[in-house]
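Enquirer:
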Amino acid sequence: MTSRTAWISTWTLSSPLGPGHLGVSDPPVDSPSQEAVVQHQVRRRDQGAPATYTPEDKLVGIEKPKKDVLDLLQPQSEEQLKVVSIVGPRGLGKTDLARVVYNSLNHDSKFSCRAWVDASDCIGEHGKSRLHRKILKELNRQAGMSREATAADASDLATSLQTYLRNRRYLIVIDDLQLQDWKNLRYAFPDDNNSYGRILVTTCVERIARGCSSRSGSLYKMQTLGKEHSWELFMKEVFGSEEEECPRHLLGRIVNKCDGLPLALVSIAELVRTRKSELHRPQTAKRTIESVCASLGHYLDKNGDLERVKHALESTYYSLPGYDLKNCLLSPVDSSSNSTWVKTCQIRGVMLDFIVYKSASENFTRVHKVSPDKPPISNITNNRLVRRLSLQNTNAAAAIESDTMAAMKIGLSHVRSLAIFNHHGHDILKLLKRQRCNLVRALDLEDCKGLKDDGVLDSICQLLRLKYLSLRGTDVTKLPKKMDRLQLLETLDIRRTGLAGRFRLPSELSKVSTSREMQKFFSKSSQLQTLAGFAMDESPGCKYVMDHMKGLRKVKIWCDDDAPAPGQPKIQLGQNIKSLSVDFGDRDDIISFLDSMGTPPIAGVCESIKLKGKLDAKLTDFMLSLNSLQKLRLLSFDLDTEALIELGS
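For the numbering used here, count along the sequence shown from 1 and bump the result up by 111.
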């Protein structure tokens, strides 16, 4: 998994290992809630854990962010109260930046009262009153008074705070705000001609930041450090300066893993500093760096130096509402977009290590990996049932022996999702025959070879609960007739296979008896929503399929030169189709062909159209009738300005 999960989809359930396909998103056991995590923070502070604060001269790359935030705090026109938010994930240095800005303004004589409050524990039912009480206490402390606010009700505290601040010039920093009800919070801060207030808020939640900022331009998004600043910070933390001679090409691997996250750079530097004597010896430097890079997930769990990094990542993870979003974060997608449209985002570095670590600790996914000249890497344990298993091998000779032992160790009877990489067909066949895999719903055999043997595919066809099957990159040249046993199959990925890539449906589908049976089947049993890779030729099979597949949402077809002429019966597209893609090749009758497809009933629901072919000047009635269209891609078309204007209207 560690080598196969470089691509993580943003809030997607499309992965074969994701719970959206499997329907088995079992909630993790004993997972702490967001409030429990926050209460843990509070207990640590109450027990005397010091708040982390780094002097400005020790910070790296702080000059520009400091200037930007100070500029945002400057008044615009007649603003008396202005709220500026600093937003970004944990570990980026929001608190350090706010502290630098606060100290910079602390000597500004135009502010008669100031307060810095930590709002991380101000959550839940009494969060608002707790925050107001904290601000009042800090204002009194700054003024040399030790009295506590006596009001208990939230509205009374808000009134007391407003009374205190009225006719004053005040500066307040609210660090780590988690309350979303800013409208009621704002009532406590006077906004009249006799008061002048500046409030700086830090938060991890962009919705909160936008809600409390005075306007859209008053929000500052924290950025990660650039490469040079990352290197400078890391070297200072490890060696005390940048001048130390060290294998930069090796240490660069660790710096790159941190992806410019200051907290990760500082914490991992503390870990490396304990072994810095090994970095000066070439024979040990490489081994040390490789060990640290390969074991970050383990260190996140066991090493105190990375406690803050782990806590920051876990706080973000546990703050996600519901188990579905947590599982989305852990769902790997090993594919990238091959077009200009972004379909996946890349998660790297310490976040990827955290995801792998979290996948194991939550028993979400188990991995067994064999590499040349290295012992097997496995996070498989005997005491927990495995539902999602990944078998990865770069050493073919050791693959079947190692994986068979791993499979026998845990058993596959409870596995719902099975991913097997870099195996030969006969090894897979042995594995499937030795183990009961009756509950497998997702099977990924990407880039496995030797699947031409009918025995392998026949064994797969016995997995009657399969919903997802990926044969992508394999040497499969044909699909067995037994494939029709997989009545629950929703996704079949055959990209980069020995199959032609364009299916032609048999002409027998046009027979009356067959079409009646097919209509009966599709109307009651079919859950198929995507039809892709089909070529339309002289056979009427494709027409009959699309006529009867009423649940289709996405259709992608090729029109060969011998496809039906426009004068033949119309192809009636289903009323649920959201996306249509047609490649016309060298056909010159595109207009009549599209118009023959008929405008109803998809005109009101189709949102995306992609057409490739030769079309000059004129638009079709079919295209002009799509009143719900949101995305249109025309490839190899030669339309004039008038046609585009007509389309836009």
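Built from N, CA and C at the ideal position, the CB exists for glycine as well.
(1) Any contact of the region 171 to 178 with the region 330 to 350, i.e. 3+ C-beta pairs under 8 Å?
(2) Can you tell me which of the three DSSP states CYS559 falls into?
(3) Which residues in the same chain have their Cβ closer than 8 Å to the Cβ of GLY328, if we skip the five residues on either side of it in sequence?
(4) Closer than 6 Å by C-beta to ARG154: which residues in its own chain qualify, once you throw out the five before and the five after it? Chain order, please.
(5) Quick one: what does DSSP say TYR298 is sitting in, helix, strand or coil?
(6) Taking the beta carbon of ILE571 as the centre, do at least 16 other beta carbons fall within 10 Å, making it buried, or is it exposed?
(7) For LEU746, does the three-state DSSP call read helix, strand or coil?
(8) Write down the C-beta distance between SER306 and GLN191 rounded to the nearest angstrom, noting that I regard them as a contact closer than 8 Å.
(9) Which word fits LEU746, buried or exposed, when buried means at least 16 other C-beta atoms lie within 10 angstroms of its C-beta?
(10) Which first and last residues belong to the alpha helix (DSSP H) in which GLY371 is found?
(11) Return the CA-CA distance between TYR298 and ALA269, expressed in angstroms with no decimal places.
(12) Strictly by DSSP, which residues pair up with PHE345?
(13) So what's GLN695 in DSSP terms, helix, strand or just coil?
(14) Below 8 Å between beta carbons: does that hold for ARG280 and SER223?
(15) Three-state secondary structure (DSSP) at LYS723?
(16) Looking only at its own chain, which residues have a Cβ that is under 6 Å from the Cβ of PRO301, when we skip the five neighbours before and after it?
(17) Can you say whether LYS205 is buried or exposed, counting buried as having 16 or more other CB atoms within 10 angstroms of its CB?
(18) Going by C-alpha distance, which of GLY566, LYS563 and GLU557 is nearest LEU603?
(19) Less than 8 Å between the CB atoms is what I'm expecting for LEU786 and ARG225, so what's the real figure, rounded?
(20) Please report the distance separating the alpha-carbon of PHE475 from that of ASP464.
(21) Name the DSSP bridge partner or partners of SER108?
(22) For ALA320, I'd like the list of residues in its chain whose CB is within less than 8 Å of its CB, leaving aside the five on either flank, ordered along the chain.
(23) Using only CA atoms, which one of GLN253, SER690, GLN187 and ALA396 lies nearest to CYS717?
(24) Quick test of your reading: LEU374 and ALA423, contact by CB under 8 Å. State the CB separation rounded to the nearest angstrom.
(25) Taking Cβ to Cβ, would you say LEU290 is nearer than 8 Å to ILE246?
(26) Only counting the same chain, and skipping five residues up and downstream in sequence, which positions put a Cβ closer than 6 Å to that of ALA380?
(27) Note down the Cα distance separating SER378 from VAL212, rounded to an integer number of angstroms.
(28) Using a Cβ-Cβ distance cut-off of 8 Å, determine whether VAL551 contacts chain C.
(29) Taking the beta carbon of MET256 as the centre, do at least 16 other beta carbons fall within 10 Å, making it buried, or is it exposed?
(30) Name the two residues that bound the continuous beta strand (DSSP E) containing ALA396.
(31) Is DSSP giving ARG596 helix, strand or coil here?
(32) Cβ atoms of ARG552 and ARG576: under 8 Å apart, would you say?
(33) Give me the Cβ distance between CYS559 and ILE531, rounded to the nearest whole Å; I'm assuming they're in contact under 8 Å.
(34) Classify GLU425: buried if its beta carbon has 16 or more other beta carbons within 10 angstroms, exposed otherwise.
(35) DSSP on HIS535, reduced to helix/strand/coil?
(36) What are the residues that DSSP puts in a beta bridge with ILE246?
Expert: Taking the geometry as given:
(1) By the Cβ rule, the region 171 to 178 counts as touching the region 330 to 350, because three or more pairs are nearer than 8 Å.
(2) coil
(3) The residues are LEU183.
(4) Since pLDDT at ARG154 reaches only 37, below the 50 mark, its modelled position is unreliable, and the value read off the structure follows with that caveat. Result list for ARG154: empty, nothing under 6 Å.
(5) coil
(6) buried
(7) strand
(8) 6 Å
(9) Result: exposed.
(10) Here GLY371 belongs to no alpha helix (DSSP H), and DSSP marks it neither H nor E.
(11) Roughly 7 Å between the two C-alpha positions.
(12) Per DSSP, none; premise fails for PHE345.
(13) Per the sequence presented here, residue 695 reads as Phe, with Gln not at that position. Correct three-state label for PHE695: coil.
(14) yes
(15) strand
(16) GLN273, LEU276 and ARG277
(17) buried
(18) GLU557
(19) Not covered by the structure: residue 786. The range shown for the chain is 112 to 760.
(20) Spanning the two alpha carbons is a distance of roughly 14 Å.
(21) Only positions 112 to 760 of the chain appear in the structure, and residue 108 is not among them; the question remains open.
(22) SER196, ILE197, VAL198, VAL312, THR314 and LEU330
(23) SER690
(24) 6 Å
(25) When the beta-carbon positions are compared, LEU290 and ILE246 stay at least 8 Å from each other.
(26) PHE345, GLU348 and VAL349
(27) 24 Å
(28) The structure shown has no chain C; it contains just one protein chain.
(29) Burial state of MET256 is exposed, judged by a 10 Å Cβ sphere holding fewer than 16 other Cβ atoms.
(30) Segment 393 to 405 is the alpha helix (DSSP H) holding ALA396; no beta strand (DSSP E) there.
(31) helix
(32) yes
(33) 6 Å
(34) buried
(35) strand
(36) According to DSSP, ILE246 bridges with nothing at all.
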